[in-house]
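*Asks:* Protein chains in written order, with full-length UniProt numbering: chain D, 1 to 447; chain H, 1 to 447.
2 protein chains.
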Amino acid sequence: MAESKSKSKQLHLTAFMRPVSLHTGAWRYPGAYADANFNLAHLKTFIRKLEEGKFDAFFMADHLAVLNMPVEALKRSHTVTSFEPFTLLSALSQVTERIGLAATASTTYDEPYHIARRFASLDHLSGGRAAWNIVTTGNPESAKNFGRDEHVEHADRYRRAREFYDVVTGLWDSFADDAFVRDRDSGVFFDPEKLHVLNHQGPDLKVKGPLNIARPVQGWPVIVQAGQSEPGRQLAAETAEVVFCSPRDRAAARDLYADIKGRARAAGRDPDHLKILPAALVIVADSVDQAKARRLQLDSLVHYDSAIASLSVALGADASGFDPDGPLPVDDIPETNASKTSQQGVIKLAQDEGLTVRQLAQRFGGYSGLAFVGTPESIADEMATWLAEDAADGFTVVFPFVPQGLDDVIDRLVPELQRRGIFRRDYEGTTLREHLGLPRPKNQFFA
Amino acid sequence: MAESKSKSKQLHLTAFMRPVSLHTGAWRYPGAYADANFNLAHLKTFIRKLEEGKFDAFFMADHLAVLNMPVEALKRSHTVTSFEPFTLLSALSQVTERIGLAATASTTYDEPYHIARRFASLDHLSGGRAAWNIVTTGNPESAKNFGRDEHVEHADRYRRAREFYDVVTGLWDSFADDAFVRDRDSGVFFDPEKLHVLNHQGPDLKVKGPLNIARPVQGWPVIVQAGQSEPGRQLAAETAEVVFCSPRDRAAARDLYADIKGRARAAGRDPDHLKILPAALVIVADSVDQAKARRLQLDSLVHYDSAIASLSVALGADASGFDPDGPLPVDDIPETNASKTSQQGVIKLAQDEGLTVRQLAQRFGGYSGLAFVGTPESIADEMATWLAEDAADGFTVVFPFVPQGLDDVIDRLVPELQRRGIFRRDYEGTTLREHLGLPRPKNQFFA
Ligand SMILES: Cc1cc2nc3c(=O)[nH]c(=O)nc-3n(C[C@H](O)[C@H](O)[C@H](O)COP(=O)(O)O)c2cc1C
Ligand SMILES: Cc1cc2nc3c(=O)[nH]c(=O)nc-3n(C[C@H](O)[C@H](O)[C@H](O)COP(=O)(O)O)c2cc1C
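1) Look up F180(D) in the DSSP assignment and say whether it is helix, strand or coil.
2) Determine, using beta carbons only, whether H114(D) comes closer than 9 angstroms to chain H.
3) When the Cα of A26(H) is compared with those of H435(H), L406(H), G429(H), which residue comes out closest?
4) Count the other C-beta atoms from every protein chain shown that fall within 10 angstroms of the C-beta of G326(H), then say buried if there are 16 or more, exposed otherwise.
5) Along the chain, where does the alpha helix (DSSP H) containing A73(H) start, and where does it finish?
6) Determine, for Y109(D), whether the minimum Cβ-Cβ distance to residues of chain H falls below 9 angstroms.
7) Establish whether the CB of Q94(D) and some CB of chain H are separated by less than 9 angstroms.
8) Along the chain, which unbroken stretches of the beta strand (DSSP E) at least 3 residues long are found entirely within the region 1-69 of chain H?
9) Just curious, the alpha helix (DSSP H) that L88(D) is in, first and last residue?
10) Which of the three DSSP states, helix, strand or coil, is assigned to I276(D)?
11) Checking contacts by CB at 9 angstroms: is residue 451(H) closer than that to chain D?
12) Any residues in the region 9-26 of chain D with a beta carbon nearer than 7 angstroms to a beta carbon of chain H? Which ones, in chain order?
13) Ligand 1 and H63(D): does the residue's C-beta get closer than 8 angstroms to at least one heavy atom of that ligand?
14) Starting from the Cα of H196(D), find the closest Cα among V181(D), S174(D), D185(D) and give me that residue.
15) Thinking C-alpha only, which one of D390(D), G219(D), V313(D) is nearest S8(D)?
16) V414(H) and L13(H) - do their beta-carbons sit closer together than 9 angstroms?
17) For D42(H), which residues from the same chain have a beta carbon less than 6 angstroms from its beta carbon, with the 5 sequence-adjacent residues on both sides left out?
18) Contact check, D68(D) vs E153(D) under 8 angstroms by CB: the rounded distance?
19) Give, in chain order, every residue of the region 183-203 of chain D whose Cβ lies closer than 8 angstroms to some Cβ of chain H.
20) Express the C-alpha separation of S312(D) and P439(D) in angstroms, rounding to a whole number.
21) DSSP three-state call for V402(D): helix, strand or coil?
22) If we ignore side chains and look at the alpha-carbon of each, how far apart do H114(H) and F322(D) end up?
23) Looking only at its own chain, which residues have a Cβ that is under 7 angstroms from the Cβ of R358(H), when we skip the five neighbours before and after it?
24) For I379(D), which option in S106(D), D286(D), S306(D), G365(D) has the closest C-alpha, if you only look at C-alpha atoms?
25) Cβ-heavy atom distance between residue 448(H) and ligand 2 below 8 angstroms?
26) Between the beta-carbon of D204(D) and the beta-carbon of R148(D), is there less than 9 angstroms?
27) May I ask you to list, following chain order, the residues of the region 40-66 of chain H that have a beta carbon less than 9 angstroms from some beta carbon of chain D?
28) Taking only beta-carbon positions, decide if V80(H) is within less than 9 angstroms of chain D.
29) Report the three-state DSSP secondary structure of V409(H) (helix, strand or coil).
30) Sorry if obvious, but does the Cβ on T107(D) come closer than 8 angstroms to a heavy atom of ligand 1?
31) Where does the unbroken beta strand (DSSP E) through A266(H) begin, and where does it stop?
32) With DSSP collapsed to three states, give me the class of L101(D).
33) In the DSSP assignment, the beta strand (DSSP E) including G374(D) goes from what residue to what residue?
34) Could you work out which residues of chain D lie near T87(H), taking near to mean beta carbons separated by less than 7 angstroms?
35) When you compare each of R117(H), R420(H), F164(H), A155(H) to T107(H) by their alpha carbons, which one comes out closest?
36) For P439(D), name the three-state secondary structure that DSSP assigns.
Below is the structure:
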């Protein structure tokens, strides 16, 4: 699994930027921009800073509805107003030169012709920097915005997703790379021998083609996948070039890494051409204690009502009667029919970090996924270990608050990673495929 | 119908920029950029030049398939590869400050939640410069790219379009303008009293809402309509703020103008809040003869095979047997069951301009709509007459070739219109609504 170049295995870093912070308290943090998630001037500053830090890509999650929660919790969410990914990334393509631009798009509630076309257009506008995060749409509320009462079933979503991928990639290959001759003298604009009409007819989709746009600069925009279920992993193994995931810890990450790379090999693919980038909250400070204190302060900004609901879900038991300022009453927690692993994880976390019920609740209400909280050196150590142990090929960095949390990563952590020789000092190519070390796909229909 | 300001009635000018020229020979014209329709660097230069000329808007038509023609004709078309409107306009929003950005979007082959969201996002990204050209999709080939064998029926398309408009405008009003309080102390991001859930259920559409983006800067992006049929005109009268049309001549334009403004009045609207902007090819030169010669040269670049097919359609009779270099053999034209008005128009044109069969065919194969061909003075005279006679509120300018044809309009015609006091010397506002003199719609659900 060594890189083709003779240097050590390199980290890839993408920035999770929709929302600008996944932490629900982020907008309240002292000094943070409260409107950062919906302020174009700020977003331009962030993406330029990320490009200065040589990040592989700027990544936008997407939801086809406001978040699925009661209005009392929703009213506290800074994600409720967000830019739509294609429009924002197209705008940002004009204020940057190298950084990749990854948009999430649903295969459940959109049409392959539209999706193929928009990604091709974004790839041309950005000079080959587009990526498509294929999702089947997590939030069931989305269905109601698209004429349905119920979310499409999980298995049906994934079956359509697989076919959708075939149609989109087929449409991208409508024209050979050299189809456009633009011969003024003869008046021939393109060579009709170099046009392929897809004529797709499958169980879920019927799409004639051709696409009305030239083949993307990258051949195909980079394919990203974030599904975690069995069909999600299989889709990733067959199609994805980048996998976003959220493993609990390094051991779980190693298993997932081996599983997905193994599935890719079994599907006849080169596992090096699939990069696994777990999402990780990163909080950088002068000392580990200071970083931990920032995290506790950030967590404390999560409203207790929504926090305690999240803790109850994680425990599989109602936590609303516990003393908020006492320790977790381990003996009083009823047995759960839900996930025992999850309940045990909560108990372990409470004990390891000595958290009160309130702090524990706020952790779950804020951001409870993988986190690197420490100094540039301690975080670089951890990231290097993940990389060396094949637990990851890099990370999808979640910022705690902006701008400071992002600036700290770029100004302090990135130079440390560069000093260790595990992260680029400059971009070597111009396209996102080049940043990620991925080959440009051949056109399926033309040599 | 006087403007509210005490100056004379003002022209509005939008630029038809997808394709950059509607004339099929444009890319072959000497000195023209052959790839202009799909070259971002050129498009940036054009939009900046249009902004220098204080144009109201940059307009993109849209098609959800390659053009509906045999491949022998298609291979000569410079429109076959084009940017997708939302991505291109979002990119261009970052290299301009004032000019409006009008995208065409179909109500037949897209979803109202997606359309509402993208226009809201573009309006925010551009600081209030977005417009939506509502079309029901002209090209029947589009159906085959969206799972259907046949195009949706005309009446069904327009019924859905009307309901689609209600849903989109309802979604834009999901949040009151002042919904986002972002109160760090209390942790309340938005006031839930200022959120409206649409819960739309109609004959064609079921959409719950709310939209996951703040109300657009303009309240609603400007609504544009280009349908010419009876239901098309009615939809325009009820909903449109700008109407694109293609009347044959000034008399036909006056009738259309009176008809649509009358329908708007009957629908309870202020007819001043609906601007009628016919599409017009504009060729500016030092003399009328030189301008006409340029047009003939441009027409001569249209391939004869596709040209003669277009002439046959216009005549309602097969013209392929006629001597290409002789005059139109008027006595040999069989009677037609198709449009007699159209046939008589062709005969009149041939006689008025003394065109050979070839030249006539190339006119129909190139661009046969309304045209202003002359000097800055002669064209300004004509435009002023249209304006004064209530035949138009301005024009959707179609360029003959780029860059020269566009530069001539900005550098020569615009100053002449400004000297006459019928076109702005500078933008007075920042939003497209302000350029067009249109009010900002009130939120339907909040005072
Ligand atoms: C880093 C990351 C980003 C994700 N982004 C999105 C997103 O933007 N939109 C979405 O609907 N789901 C998103 N998901 C959820 C996945 O698409 C998927 O629905 C979820 O992981 C559950 O997996 P499954 O559907 O395969 O069971 C994301 C997941 C991860 C780990
Ligand atoms: C200036 C102008 C621009 C138009 N742009 C488009 C377009 O971009 N996409 C499209 O499908 N139709 C476009 N049309 C066609 C109209 O939407 C409509 O289909 C056509 O005028 C026929 O009218 P009807 O459908 O009401 O009979 C345009 C028409 C005009 C006059």
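Positions of the beta carbon are idealized from the N, C-alpha and C atoms, including for glycine.
*Replies:* On the basis of the supplied data:
1) Taken through DSSP and simplified to helix, strand or coil, F180(D) comes out as strand.
2) yes
3) L406(H)
4) exposed
5) 71-74
6) yes
7) yes
8) 12-18, 57-60
9) Run containing L88(D): 85-93, per the alpha helix (DSSP H) assignment.
10) strand
11) Absent from the structure is residue 451(H), since the part of chain H shown begins at 1 and ends at 447.
12) none
13) yes
14) Taking only the C-alpha atoms, the option nearest H196(D) is S174(D).
15) D390(D)
16) yes
17) For the sequence presented, residue 42(H) should be read as His rather than Asp. Closer than 6 angstroms at the Cβ level, and outside the excluded window around H42(H), lie Y33, A36.
18) In the sequence as presented, Asp is not what sits at residue 68(D); that position holds Asn. Incorrect: roughly 17 angstroms between the Cβ atoms, too far for contact.
19) R184, G187, V188, F189, F190, D191, P192, L195
20) 46 angstroms
21) coil
22) 44 angstroms
23) Y304, P324, D325
24) D286(D)
25) Since the first residue shown for chain H is 1 and the last is 447, residue 448(H) is missing from the structure and cannot be characterised.
26) no
27) L40, K44, H63, L64, A65, V66
28) V80(H) has a beta carbon lying within less than 9 angstroms of a beta carbon in chain D.
29) In this structure, V409(H) counts as helix in the three-state DSSP scheme.
30) no
31) From DSSP, A266(H) is part of no beta strand (DSSP E) but of the alpha helix (DSSP H) over 250-266.
32) strand
33) 371-374
34) F86, S90, R118, S121, L122, L125
35) Comparing C-alpha distances from T107(H) to each of R117(H), R420(H), F164(H), A155(H) shows the shortest one belongs to F164(H).
36) Reduced to three states, the DSSP call for P439(D) is coil.
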